[in-house]
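Following this note's numbering, the numbering of the sequence shown begins with 2 at its first residue and continues without gaps. Just so you know, even glycine gets a beta-carbon here, dropped at the ideal spot from N, CA and C. Model, not experiment: these values are computed from the prediction. Working notes, structure below.
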Amino acid sequence: MEKGLIPTLKLSLEMTDVLARTEQVGLKINMDTLDEIEQMYTEELETLEVRLNELAREAMGDTPISLTSPDDRSMLLYSRKVKDKKDWSRTFNLGMEQRGATMKPKQRTRFSQREFNQTVRRMTDIVYKTRAETCPACKGHGRTRVVKKDGTLGKAVRVCRKCDGKGVLYIPTGEVAGFKMSPRDSYDVASAGFRTDKDTLDVRSSELSGAAHEFVNGYVRFNALRTYLNTFVEGIKNNVDGRGFIHPEFMQCVTATGRLSSRNPNFQNMPRGNTFAIRKVVESRFEGGFIIEGDYSQLEFRVAGFLAKDAQAYIDVKDGTDVHNYTASVIGCTRQEAKAHTFKPLYGGTTGTEAQQRYYRAFKQKYEGVTQWHDDLQRMAVERRVIALPSGREYAFPDARWTKYGTATHRTSICNYPVQGFATADLLPIALVALERVVRDSGVRSVICNTVHDSIVMDVHPDEKNICIDMMKHAMLSLPFETVRRYGVTYDMPVGIEIKAGKNWLDLHEVEL
């Protein structure tokens with residue numbers, strides 16, 4: 002084993018002990034609160050489903066639309082239907098392929114804008130609104146009896162060929178159906194026709210108006226609610242023990258970057274409190290106790306600035322610049338809406354609306370060090386097939402090569418892995434291990450009960466609130482000392498943290514440090 006990987010292995014082994022104890026202590030769940038949340042969001046889901054179906058019917062006429070069908074959503078949103086799906090997939094090179102040790106999406110076929118538009122028109126049909134009529138052949142039954150040679154009806158019953166067993170014929174009215182969205186390029190193409198995923202719809206929403214805008218926003222919320230209810234509410238119900246505790250399983254070796262993941266249930270990718278209040282169900286096991294959470298401020302942005310040695314990033318952190326406000330000022334949106342785009346350029350992101358692309362270009366100009374570092378990472382991946390972090394952690398890109406566009410294959414991963422890896426697979430675990438050690442040595446009753454990417458969560462006894470806040474503060478701020486001790490690396494980017502406390506994991510209030 003190379004010497005450079007030893008610190009990463011040692012930290013991983015220490016994390017194994019910490020995570021085992023964290024799994025064992027678990028999180029206390031208030032089942033009454035869970036039932037209230039389930040009822041509230043189920044009612045919202047049902048109301049939203051009714052409205053979305055109304056909008057779909059207004060746009061499609063009598064053609065039935067299933068909100069959960071990718072084919073139907075594509076047809077509804079883009080007003081076109083693919084003629085031959087196999088030919089469609091071949092033309093745009095859709096699907097997955099083995100690249101290195103993992104399956105990756107195939108590289109999409111590149112077209113000029115004119116070629117793309119012509120290909121879409123050639124391979125799809127326009128969808129028209131329909132008027133439903135009872136099938137005259139089966140009189141609405143969807144089945145017909147065989148007529149014998151003598152003209153009498155036989156006993157055999159067959160699917161009606163005229164209506165394909167539906168009992169209804171959908172007669173085109175001549176009016177174009179759907180919301181008439183236009184696909185932008187081959188990256189908007191999907192096996193069902195065109196992309197209707199959350200990221201695509203979030204980007205395209207600002208281009209729409211009226212019923213189309215209402216439907217897209219409503220569908221994004223509808224899909225999120227279904228996911229939240231199935232993943233988190235059902236996940237908690239299925240895994241809570243007889244004492245009202247859940248014990249998520251933490252895994253260090255699942256994600257490519259080394260960031261933690263969890264299962265049974267998934268407690269790593271929790272929705273924000275203002276979108277789904279599931280965190281409210283987690284409360285203290287101690288009567289009168291507290292849930293305390295420590296978060297690193299802009300950890301990945303700061304890590305990118307540190308790894309790239311970007312002078313502007315250091316200045317912005319030192320001056321307390323609100324990077325989300327800067328994003329909002331360039332794109333022309335609210336600060337909350339800007340958050341989804343602020344750090345996208347850190348990971349090599351370039352696509353989006355014209356305003357978003359303008360921000361991505363501005364980011365590259367403002368943070369020239371990060372831009373140069375991205376170029377260096379790609380060169381390193383292509384020439385050495387491996388990129389390494391100051392901690393010694395390595396990422397292999399065995400089939401990295403230059404494309405005709407002047408960028409490396411796997412560019413997003415090459416730019417993303419070092420930032421996410423050093424921030425959440427190296428730095429956060431250092432703080433977690435340090436905190437667990439001092440908590441154990443102090444003999445307090447309070448416990449570490451969870452960790453989520455750039456934060457640590459404790460369940461704190463009411464008599465130990467101040468001491469636990471102090472322990473968490475010193476552990477999280479110990480990064481500069483610990484990186485020197487563990488890696489021989491001086492982490493000189495200012496460390497910012499925020500600690501909050503409350504009676505449950507949702508209703509937290511910042512404490513003064």
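Under 8 Å between the Cβ atoms of Ala435 and Ala476? Cβ distance < 8 Å, so Ala435 and Ala476 count as in contact.
Range of the contiguous beta strand (DSSP E) that encloses Thr125: Segment 125-127, the beta strand (DSSP E) holding Thr125.
Among the candidates Asp311, Glu338, Ser183, Ala401, whose CA atom is the shortest distance from the CA of Lys367? Cα-wise, what sits closest to Lys367 is Asp311.
Could you give the C-beta distance for Asp186 and Phe93, rounded to a whole number, given that I count them as a contact under 8 Å? With 8 Å as the limit, Asp186 and Phe93 do not qualify as a contact, their Cβ atoms being about 10 Å apart.
Complete alpha helix (DSSP H) runs within the stretch 255-334 (minimum length 4 residues, chain order): Counting only runs of 4 or more residues that sit fully inside the stretch 255-334, the alpha helix (DSSP H) segments are 300-309, 312-320, 324-332, in chain order.
According to DSSP, is Leu209 part of a helix, a strand, or is it coil? Coil at Leu209, not helix or strand.
Which residue's Cα is closest to the Cα of Lys281: Asn505, Lys365, Val169? Closest option to Lys281, Cα to Cα, is Asn505.
Gly236 - containing beta strand (DSSP E), residue span: Here Gly236 belongs to no beta strand (DSSP E); instead the alpha helix (DSSP H) covers 235-240.
Sequence-distant residues of its chain with Cβ nearer than 6 Å to Glu98 (five each side left out): Apart from the 5 residues on each side of it in sequence, Glu98 sits with its Cβ closer than 6 Å to the Cβ of Lys107 in its chain, given in chain order.
Gly393 and Gly5 closer than 8 Å at C-beta: Gly393 is a Cβ neighbour of Gly5, given a cutoff of 8 Å.
Give me the Cα-Cα distance between Gly143 and Lys156, rounded to the nearest whole angstrom. Straight-line Cα distance between these residues: approximately 16 Å.
May I have the straight-line CA-CA distance separating Met2 from Ile127, to the nearest angstrom? With a pLDDT of 42 at Met2, under the threshold of 50, the modelled position of that residue is not reliable, and the figure given next carries that caveat. One C-alpha to the other measures close to 60 Å.
Quick check: what's the CA-CA separation for Thr34 versus Ala178? Cα to Cα, Thr34 sits roughly 43 Å from Ala178.
Compare the beta carbon distance of His462 and Gly290 with 8 Å and say whether it is the shorter of the two. Their beta carbons are under 8 Å apart, which means His462 touches Gly290 by this criterion.
Does DSSP put Thr69 in a helix, in a strand, or in coil? In the three-state reduction of the DSSP assignment, Thr69 falls in the coil class.
Per DSSP, Ser456 is paired with what? According to DSSP, Ser456 bridges with Asp296, Val453.
Let me know the secondary structure DSSP gives His214 once reduced to three states. Three-state DSSP puts His214 in a helix.
Tell me whether the stretch 365-383 and the stretch 298-315 touch, counting them as touching only if at least three CB pairs, one residue from each stretch, are closer than 8 Å. Contact check between the stretch 365-383 and the stretch 298-315: three or more CB pairs, one atom from each, fall below 8 Å, which counts as touching.
Between Lys405, Thr135, Leu154, which has its C-alpha nearest Lys163's C-alpha? Comparing alpha carbon positions, the residue from Lys405, Thr135, Leu154 closest to Lys163 is Thr135.
Between Gly349 and Thr404, what straight-line distance do the alpha-carbon atoms span, to the nearest angstrom? Those two C-alpha atoms are separated by around 15 Å.
Are the CB atoms of Val26 and Val448 within a distance shorter than 8 Å? Going by C-beta atoms, Val448 is nearer than 8 Å to Val26.
Would DSSP call Tyr492 helix, strand or coil? Coil at Tyr492, not helix or strand.
Output the distance between the C-alpha atoms of Val83 and Ser192, rounded to the nearest integer angstrom. A direct Cα-Cα distance of roughly 9 Å separates Val83 from Ser192.
Quick test of the definition: if touching needs 3 or more C-beta pairs under 8 Å, does the stretch 11-28 touch the stretch 437-454? Yes: the two stretches touch, three or more of their Cβ pairs being nearer than 8 Å.
Relative to the C-alpha of Asn417, which candidate in Asp317, Ile431, Asp189, Phe398 has its C-alpha closest? Ranking Asp317, Ile431, Asp189, Phe398 by Cα distance to Asn417 puts Phe398 first.
Please determine, among Glu250, Tyr297, Asn54, the residue with the shortest C-alpha to C-alpha distance to Ala424. Taking Ala424 as reference, the option from Glu250, Tyr297, Asn54 with the minimal CA-CA separation is Tyr297.
Mapping DSSP to helix, strand and coil, what is Leu514? Collapsing the DSSP output to three states places Leu514 in coil.
Where the beta strand (DSSP E) through Thr343 begins and ends: No beta strand (DSSP E) contains Thr343, which is instead part of the alpha helix (DSSP H) from 336-343.
Which residue wins for smallest C-alpha separation from Arg244, given the options Ile30, Val485, Asp460? That would be Ile30, whose Cα lies nearest to the Cα of Arg244.
Straight-line CA distance for Val19 to Phe195? Spanning the two alpha carbons is a distance of roughly 45 Å.
Three-state secondary structure assigned by DSSP to Met381: Assigned with DSSP and collapsed to three states, Met381 falls in helix.
Buried or exposed (CB count within 10 angstroms, at least 16 for buried), Val387: So Val387 ends up on the exposed side.
Do Arg109 and Tyr188 have their beta-carbon atoms positioned less than 8 Å apart in this structure? Yes.
Given Glu517 as reference, the closest of Gly444, Ile468, Pro430, Leu507 once Cα atoms are compared: The shown model of the chain, from 2 to 514, leaves out residue 517, and the question about it has no answer.
Collapsed DSSP secondary structure at Arg222 in the structure displayed: In the structure shown, Arg222 sits in a helix (DSSP, three-state: H, G or I).
Simplified DSSP state of Pro346, which is helix, strand or coil: Pro346 falls in the helix class under three-state DSSP.
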